[in-house]
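**Q**
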Amino acid sequence: MATIGSAIGPTAWAAIDAFEFNTPAQEQQYRTLIEELRCPKCQNQNIADSNAPLAADLRQKVYEMIQAGRDN
């Protein structure tokens with residue numbers, strides 16, 4: 159079972175880590191925001207942990223806003 163968990167774990171983070179950032183500070187800002195923002199579709203989940211399509215859209219929007227120079 160540990161092998162299955164190891165195989166699934168990196169896959170889950172791969173979707174989040176697919177974004178390229180110009181600076182480590184931008185990446186940290188992104189991670190902080192997606193861990194704080196709650197998924198409107200899922201109860202008691204942030205958009206970082208949610209697999210809902212809406213959460214994926216919101217992660218994309220957060221990324222775009224950071225790339226555009228927006229601040230928290």
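Residue numbers (this note's numbering): 159 to 230.
Beta carbons: idealized from backbone N, C-alpha and C, even for Gly.
Small disclaimer: the values here were computed from a predicted structure and weren't measured.
Can you give me the Cβ contacts of K199 inside the same chain, cut-off strictly under 6 Å, excluding the 5 residues immediately before and after it?
**A** Here residue 199 corresponds to residue number 41 of the sequence shown, with the count starting at 1. A210, L212, listed in sequence order.
**Q** For R228, which of helix, strand or coil comes out of DSSP?
**A** Taking the first residue of the sequence shown as 1, we reach residue 228 at position 70. R228: coil per DSSP, three-state reduction.
**Q** Name the residue from N202, C197, E222 whose alpha carbon lies nearest to the alpha carbon of F179.
**A** Working through the sequence shown from its first residue, we reach residue 179 at position 21. Of N202, C197, E222, the residue nearest in Cα terms is E222.
**Q** For I162, does the count of other Cβ atoms within 10 angstroms reach 16, so buried, or fall short, so exposed?
**A** Reading the sequence shown from its first residue, position 4 is the one you call residue 162. Bear in mind that the predicted position of I162 carries a pLDDT of just 49, short of 50, making it unreliable; the figure below should be weighed with that in mind. Per the 10 Å Cβ criterion, exposed.
**Q** To which residues of the same chain is Q187 closer than 8 Å at the C-beta, ignoring the five residues directly before and after it?
**A** Taking the first residue of the sequence shown as position 1, residue 187 is located at position 29. Closer than 8 Å at the Cβ level, and outside the excluded window around Q187, lie I224, N230.
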